[in-house]
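Protein chains: 2
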Amino acid sequence: MPANELKALVFDVFGTVVDWRSGVIAACRGLCADRGIERDWAAFADAWRGLYQPSMSAVREDRRPFVTLDRLHRESLDQLLREFAIEGLSEAEIDHLNRAWHRLDPWPDSVAGLSRLRRRYVLATLSNGNVALIVNMAKRVGLPWDAVLGAEVARQYKPLPEVYRSGVEMLGIAARECLMVAAHNSDLVAAAACGLRTAFIPRPNEHGPDQQSDLAPEGDYDWVASDLLDLAQQLGC
Amino acid sequence: MPANELKALVFDVFGTVVDWRSGVIAACRGLCADRGIERDWAAFADAWRGLYQPSMSAVREDRRPFVTLDRLHRESLDQLLREFAIEGLSEAEIDHLNRAWHRLDPWPDSVAGLSRLRRRYVLATLSNGNVALIVNMAKRVGLPWDAVLGAEVARQYKPLPEVYRSGVEMLGIAARECLMVAAHNSDLVAAAACGLRTAFIPRPNEHGPDQQSDLAPEGDYDWVASDLLDLAQQLGC
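Protein chains in written order, with our numbering: chain C, 1 to 237; chain D, 238 to 474.
Written as structure tokens, this is what we have:
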């Protein structure tokens, strides 16, 4: 499709723009090393992320009202501290650890790629992360968003269609003028079902060296790019 | 109060950051001059803004569900085109005129003042303007927002408390850590009632040369500054 029909790009963030796994591992290790607590922090990070989808399901399936991802992350963290028998952390330390998700580093191409894309398009997040999380993350490393949309603004979690529709509506454009950029096939399939254009960016190390999922596009997407700089190039930015 | 307690600044936009009246007058004159239509465009702009509060009241008082300011502006514009006997505009032209509110210019100090404030604080809009309006306005002239909050995100219009509370909650901070910046006493009184800190910036030409209201602070605000550069100076940015 012609890129000149596009008006805005909306982005998945965890995994697509930032490297959550390395950041969470480093935050856990850093906090606990000082106290002589040693665990398999990669397993801890994977377990934390493993509770991500189940925790959101309770909201998606109307078993609880909308709560932010910060809240869901904290509930999962409390559970995992028990399971990994990590004791003695203060409330302030646990809160700081929970906010490791606010302090994630971008992939090497993210800031430069987004900065090029932003010259021509409106860039918004369409993440399950809450507004404060996305704003704090952006501020720390210079991610140049024009707007922070997604789960908290829509009061629902991806991949439910309300989130994609809310993003498009708030940007004041037609769905076909909006490009969803993600490293996850499930996100793009859900966005396409709402009429958005789609771009797949593989992030083969998101889940570490043994990643099995989302290594390649599994749908007929409008664009496939090796990273965000390549996407900028393909879109003529 | 000490500025170091603050974490975020939230801004009224129309009148506080941008000069809506000059922009609307110029847009009306520009569109209609080509067609030989002459009217008192200052009176037209004032009448358009005059319908702003009544149009939002229908939402605030639950007489209609939430609709965006773009929609309310359009309804008011349709009414005024009839009242001013302006005929022969196409749908595309009327839509373009309605979006004059997306193309307003900032006051001379706004971009520089906000850029200084943004080095130290999170900056978010807390406007009654909808997300697309605020994003398009920012993109055109370089207003450096970290997040676009306010009426559309809260599904309610200022000065109802839901809007201020929603902004503070989404920023993940306490109300006392949030500074509302506005050129309108009513906005600041409502923000203070929700526990936010307050800064008054007079904009004595917002309503043109005969402005009578909001020429001076009418409350005990935390800061009073002559413009956004002065506010940045007072906050040590």
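Note that CB positions come from ideal geometry on N, CA and C, so glycine has one too.
Assess contact between the stretch 117-127 of chain C and the stretch 3-13 of chain C, defined as three or more Cβ pairs (one per stretch) separated by less than 8 Å. Is contact present?
yes
Which value, in whole angstroms, describes the spacing of the CA atoms of D:Met293 and C:Trp101?
38 Å
Determine the extent of the alpha helix (DSSP H) in which C:Phe11 is found, giving its start and end residues.
Careful: C:Phe11 lies outside any alpha helix (DSSP H), inside the beta strand (DSSP E) at 8-11.
Under 8 Å by Cβ, that's how I've got D:Ala349 and D:Leu468 pegged, so tell me the actual separation to the nearest angstrom.
About 11 Å separates the two Cβ atoms, so there is no contact after all.
So is C:Ala193 buried or exposed if we call it buried at 16+ other beta carbons inside 10 Å?
exposed
How about C:Gly150: is its C-beta nearer than 7 Å to some C-beta of chain D?
no
Do C:Val163 and C:Gln156 come within 7 Å of each other at the CB atom, strictly closer than that value?
yes
Would you mind stating whether C:Asp214 and C:Ala190 have Cβ atoms separated by less than 7 Å?
no
Taking its Cβ as the centre, do 16 or more other Cβ atoms sit within 10 Å of D:Pro446, making it buried, or is it exposed?
exposed
Can you check whether the C-beta of C:Ala225 is within less than 7 Å of a C-beta belonging to chain E?
Included in the structure are the protein chains C and D, with no chain E among them.
Between C:Asp34, C:His96, C:Val131, which lies nearest to C:Val24 when the distance is taken from Cα to Cα?
C:His96
Near D:Arg355, which residues of its chain fall below 8 Å by C-beta distance, leaving aside the five closest residues on each side in sequence?
Pro381, Asp383
Report the rounded CA-to-CA distance for C:Trp107 versus C:Leu77, giving the unit in angstroms.
24 Å
Three-state secondary structure (DSSP) of D:Arg377:
helix
Among the residues of its own chain, which have a CB less than 6 Å from the CB of C:Gly261, if the five just before and after it don't count?
Chain C is shown only over 1 to 237; residue 261 of chain C falls outside these bounds and no answer can be derived.
Does the distance from the CB of C:Arg37 to the CB of C:Ile94 come in under 7 Å?
In the sequence on display, residue 37 of chain C carries Ile and not Arg. Taking 7 Å as the Cβ cut-off, C:Ile37 and C:Ile94 do not qualify as a contacting pair.
Chain D within 7 Å of C:Gly172, Cβ atoms only
yes
Please identify the residue among C:Asp227, C:Gly50, C:Arg29, C:Arg49 whose C-alpha is closest to the C-alpha of C:Asp40.
C:Arg29
Answer yes or no: do C:Gly195 and D:Ala369 have a C-beta to C-beta separation smaller than 7 Å?
no
Output the residue ranges of the beta strand (DSSP E) runs that lie fully inside the stretch 148-232 of chain C and measure 3 residues or longer, sorted by chain position.
178-182, 197-200
Could you check where the alpha helix (DSSP H) with C:Ser22 kicks off and where it finishes?
20-33
Compare the C-beta of D:Ala369 with all C-beta atoms of chain C and state if any pair is closer than 7 Å.
yes
Coarse secondary structure for C:Leu114, derived from DSSP in three states:
helix
Along the alpha helix (DSSP H) that carries D:Val359, what are the first and last residues, could you check?
Taken as a continuous stretch (DSSP letters only), D:Val359 belongs to no alpha helix (DSSP H), being part of the beta strand (DSSP E) at 359-364.
Given that C:Ala138 touches chain D, what residues does it touch there, using C-beta distances under 8 Å?
Asp383
Who pairs with D:Phe497 in a beta bridge, going by DSSP?
Because chain D in this structure spans residues 238 to 474, residue 497 of chain D falls outside the shown range and cannot be described.
Proximity below 7 Å, CB of C:Val243 to CB of C:Leu104
Examination of residue 243 of chain C is not possible in this model, given that chain C is present from 1 through 237 alone.
Are the C-beta of C:Val13 and some C-beta of chain D separated by less than 7 Å?
no
For C:Lys158 and C:Arg63, the rounded distance between their alpha carbons:
16 Å
On the CB-based measure, 16 or more other CB atoms within 10 Å of its CB, does D:Leu391 come out buried or exposed?
Note on residue identity: the sequence assigns Ala, not Leu, to residue 391 of chain D. So D:Ala391 ends up on the buried side.
Run through the stretch 42-115 of chain C for me and flag every whole alpha helix (DSSP H) of 4 or more residues, listed as ranges in chain order.
52-60, 69-83, 91-98
Who are the neighbours of D:Val418 on chain C, taking C-beta pairs under 8 Å?
Neighbours of D:Val418 on chain C: none; closest Cβ ~17 Å, over 8 Å.
What are the residues of the stretch 389-401 of chain D that lie near chain C, defined by any Cβ-Cβ distance shorter than 7 Å?
Glu389, Val390
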